[in-house]
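Q: So the protein sequences, as listed, match chains A and B. The working numbering numbers the first residue of the first sequence as 31 and each following residue consecutively. The working numbering numbers the first residue of the second sequence as 31 and each following residue consecutively. Ideal Cβ placement from N, Cα and C applies to all residues, glycine included.
Number of protein chains: 2
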Amino acid sequence: MKILIIGANGTIGKKLTPQLSQHHTIITAGRNSGDIRVDVSSETSIKAMFEQVTAIDACICIAASGPLDDFSTLTEQQLSADLKGKLFGQINLVLIGQKYLNNNGCFTLTSGIFADIPYRGVTGGAITSGALHSFVLSAAIELQRGLRINVVSPGMAEDSAADYGHLFPGLKPVSMQALVDAYEKTINEDITGQILRVY
Amino acid sequence: MKILIIGANGTIGKKLTPQLSQHHTIITAGRNSGDIRVDVSSETSIKAMFEQVTAIDACICIAASGPLDDFSTLTEQQLSADLKGKLFGQINLVLIGQKYLNNNGCFTLTSGIFADIPYRGVTGGAITSGALHSFVLSAAIELQRGLRINVVSPGMAEDSAADYGHLFPGLKPVSMQALVDAYEKTINEDITGQILRVY
Numbered sequence: 031m032k033i034l035i036i037g038a039n040g041t042i043g044k045k046l047t048p049q050l051s052q053h054h055t056i057i058t059a060g061r062n063s064g065d066i067r068v069d070v071s072s073e074t075s076i077k078a079m080f081e082q083v084t085a086i087d088a089c090i091c092i093a094a095s096g097p098l099d100d101f102s103t104l105t106e107q108q109l110s111a112d113l114k115g116k117l118f119g120q121i122n123l124v125l126i127g128q129k130y131l132n133n134n135g136c137f138t139l140t141s142g143i144f145a146d147i148p149y150r151g152v153t154g155g156a157i158t159s160g161a162l163h164s165f166v167l168s169a170a171i172e173l174q175r176g177l178r179i180n181v182v183s184p185g186m187a188e189d190s191a192a193d194y195g196h197l198f199p200g201l202k203p204v205s206m207q208a209l210v211d212a213y214e215k216t217i218n219e220d221i222t223g224q225i226l227r228v229y
Numbered sequence: 031m032k033i034l035i036i037g038a039n040g041t042i043g044k045k046l047t048p049q050l051s052q053h054h055t056i057i058t059a060g061r062n063s064g065d066i067r068v069d070v071s072s073e074t075s076i077k078a079m080f081e082q083v084t085a086i087d088a089c090i091c092i093a094a095s096g097p098l099d100d101f102s103t104l105t106e107q108q109l110s111a112d113l114k115g116k117l118f119g120q121i122n123l124v125l126i127g128q129k130y131l132n133n134n135g136c137f138t139l140t141s142g143i144f145a146d147i148p149y150r151g152v153t154g155g156a157i158t159s160g161a162l163h164s165f166v167l168s169a170a171i172e173l174q175r176g177l178r179i180n181v182v183s184p185g186m187a188e189d190s191a192a193d194y195g196h197l198f199p200g201l202k203p204v205s206m207q208a209l210v211d212a213y214e215k216t217i218n219e220d221i222t223g224q225i226l227r228v229y
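1. Is the shortest distance between the beta-carbon of A/E288 and the beta-carbons of chain B less than 8 Å?
2. A/P48 by DSSP, collapsed to three states: which one?
3. Compile a chain-ordered list of the residues in the stretch 36-49 of chain B whose CB is closer than 9 Å to at least one CB of chain A.
4. So, are the CB atoms of A/Y229 and A/V204 less than 8 Å apart?
5. How is B/L131 classed by DSSP in three states: helix, strand or coil?
6. Taking the alpha-carbon positions, what's the A/T58 to A/P48 distance?
7. For B/L125 and A/G200, I'd like the C-alpha separation in whole angstroms.
8. B/I157 and A/S164: beta carbons closer than 8 Å?
9. Under 8 Å between the Cβ atoms of A/G135 and A/D87?
10. Let me see if you follow: with CB-CB separation under 8 Å, is A/F137 close to chain B or not?
11. Would you kindly work out how many angstroms separate the C-alpha atoms of A/L104 and B/L123, rounded to a whole number?
12. What's the gap between the Cα of B/A78 and the Cα of A/I179?
13. Once the 5 residues before and after B/P148 are set aside, which same chain residues still bring their CB inside 7 Å of it?
14. Nearest by alpha-carbon distance to B/N118: which of B/K215, B/D99, B/A94 and B/E219 is it?
15. Per DSSP, which residues does B/G60 bridge with? Please list them.
16. Just how far apart, CA to CA, sit B/K32 and B/I217?
17. Using CA atoms only, rank isn't needed, just tell me which of B/I35, B/L167, B/Y194 and B/E188 is closest to B/I221.
18. If we count the other Cβ atoms within 10 Å of its Cβ and call it buried at 16 or more, is A/L113 buried or exposed?
19. Going by C-alpha distance, which of B/G40, B/I35, B/L50 and B/G43 is nearest B/K215?
20. Evaluate A/T140 with the Cβ neighbour count: other Cβ atoms within 10 Å of its Cβ, from every protein chain shown; 16 or more gives buried, anything less gives exposed.
21. Note down, in chain order, all residues in the stretch 53-66 of chain A with a beta-carbon under 7 Å from any beta-carbon belonging to chain B.
22. When Cβ atoms are compared, which residues of the stretch 171-182 of chain A fall closer than 9 Å to chain B?
23. Taking C-beta pairs closer than 7 Å, name the residues in chain A that B/R150 reaches, listed in chain order.
24. Shorter than 8 Å from the beta carbon of A/T222 to some beta carbon of chain B?
25. List the endpoints of the continuous alpha helix (DSSP H) containing A/A192.
Structure below.
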């Protein structure tokens, strides 16, 4: 299969990419690295990417985590900015990409544990992830030509624990292998509309 | 208790308002009717409302349903417009209202069944509702001064079935009383961070 990985150079992407490379042709895309440059917060950039990489069987997006927020002073403006990349960016990948992927291709998006288990300071992340879960349920019954879509909802990745663990006391890191396996499962198995919670 | 009901003149509001009036002081607000005019898609309008109605113990928002959408041609621009009122409007009610409600007051928002059970043509509604669910989980642990927050997720209201039932074949209408009881429960019981699914 020909697989496009957006965010291949991130914490999870670094482990996922070599594993998938064993059996598939990988094209990497990212804001600052990869075979192709893409800014997922821009529709124009997403379109340009899909025009460039033709005949894709799978598109995996491992989006970056969002910023922390302060609920007592949070505004719509800040929230909208925080939702721009990870929520609307990933939705746009699907809305635009549905015209480009090969028949029976698949999308794999990335949400996060805060959709279901709240922590302080991550309201924007929670909204993004909850929205993505419901989006994937809807998209799964809307997509045509046999296209599939799933979302991986990671807990705190083991490789992020040193940097972010102190912000989320009690949140147990999940192994990189478990995360990588979840993404790989969405490629290898004929599933759609699934939320793969890895925590 | 002094309860502010936004959307008191809508399908559910019409039944809820008289029931709550038996034991509480009700102030109604709406875009085109009610004691106070408010446009929940406007931060300015929400602020003006809270400045006007002081010492509120509860704020219930029974937002209107969103428009239908066509997934194959859906764009970020259309989606953003669809999310403006029901998602950002309700979030803004909480972000702004947290400064105005009485101690131990409560918010009750309205999502919908499409967060969990997808139908075609309602991707925007699904995203809105999924996002609201996760927002409420987060807000429940963020709100100060004993403030509570819950969300009612209605299926198709019995009184809407004649107008909208044909759009969602197989979606069984839920009784108005069950819906009204769910909203009332959020007022009377000391619960927070709950998603009350009524379907």
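A: Judging by the given coordinates:
1. Outside the displayed span of chain A (31 to 229) sits residue 288 of chain A, for which this structure offers no information.
2. What you label residue 48 of chain A is simply residue 18 of the first sequence in a count that begins at 1. Note: A/P48 maps to helix in three-state DSSP.
3. none
4. For the purposes of this step, residue 229 of chain A is taken as the residue at position 199 of the first sequence. For the purposes of this step, residue 204 of chain A is taken as the residue at position 174 of the first sequence. Yes, Cβ-Cβ distance for A/Y229 and A/V204 is below 8 Å.
5. Working through the second sequence from its first residue, we reach residue 131 of chain B at position 101. Residue state, collapsed to three classes: coil.
6. The count along the first sequence starts at 1 and reaches residue 58 of chain A at position 28. The count along the first sequence starts at 1 and reaches residue 48 of chain A at position 18. If you take the alpha carbons of A/T58 and A/P48, they lie about 11 Å apart.
7. Residue 125 of chain B sits at position 95 when you count from the first residue of the second sequence. Residue 200 of chain A sits at position 170 when you count from the first residue of the first sequence. B/L125 and A/G200: Cα-Cα distance of roughly 27 Å.
8. For this step, residue 157 of chain B is matched to residue 127 along the second sequence. For this step, residue 164 of chain A is matched to residue 134 along the first sequence. Going by C-beta atoms, B/I157 is nearer than 8 Å to A/S164.
9. Working through the first sequence from its first residue, we reach residue 135 of chain A at position 105. Working through the first sequence from its first residue, we reach residue 87 of chain A at position 57. Closer than 8 Å, so yes.
10. By one-based count along the first sequence, residue 137 of chain A stands at place 107. It does not; no Cβ of chain B falls within 8 Å.
11. For the purposes of this step, residue 104 of chain A is taken as the residue at position 74 of the first sequence. For the purposes of this step, residue 123 of chain B is taken as the residue at position 93 of the second sequence. Using only the alpha carbons, I get a separation of about 12 Å.
12. To locate residue 78 of chain B, count along the second sequence from 1; it is residue 48. To locate residue 179 of chain A, count along the first sequence from 1; it is residue 149. Going from the Cα of B/A78 to the Cα of A/I179 covers about 43 Å.
13. If you number the second sequence from 1, residue 148 of chain B lands on position 118. Excluding sequence neighbours, B/P148 sits near A156.
14. Working through the second sequence from its first residue, we reach residue 118 of chain B at position 88. The sequence given here has Phe at residue 118 of chain B, not Asn. Taking only the C-alpha atoms, the option nearest B/F118 is B/A94.
15. For the purposes of this step, residue 60 of chain B is identified with residue 30 of the second sequence, where counting begins at 1. Answer is B/R67, bridged to B/G60.
16. In the second sequence, counting from the first residue as 1, residue 32 of chain B sits at position 2. In the second sequence, counting from the first residue as 1, residue 217 of chain B sits at position 187. About 11 Å.
17. Your numbering for residue 221 of chain B matches position 191 in the second sequence. Answer by Cα proximity: B/L167.
18. Taking the first residue of the first sequence as 1, we reach residue 113 of chain A at position 83. Label assigned to A/L113: buried.
19. Counting from one through the second sequence, the residue named residue 215 of chain B turns up at place 185. Comparing Cα-Cα distances from B/K215 to each of B/G40, B/I35, B/L50 and B/G43, the minimum goes to B/L50.
20. Taking the first sequence and counting its residues from 1, the one referred to as residue 140 of chain A is at position 110. A/T140 is buried by the Cβ-count criterion.
21. none
22. I171, E172, L173 and Q174
23. In the second sequence, residue 150 of chain B corresponds to position 120, counting from 1. The answer, in chain order, is I171 and E172.
24. Within the first sequence, numbered from 1, the residue matching residue 222 of chain A stands at position 192. So no, A/T222 is outside the interface.
25. Position 162 of the first sequence, counted from the first residue, corresponds to residue 192 of chain A. Run containing A/A192: A191 to Y194, per the alpha helix (DSSP H) assignment.
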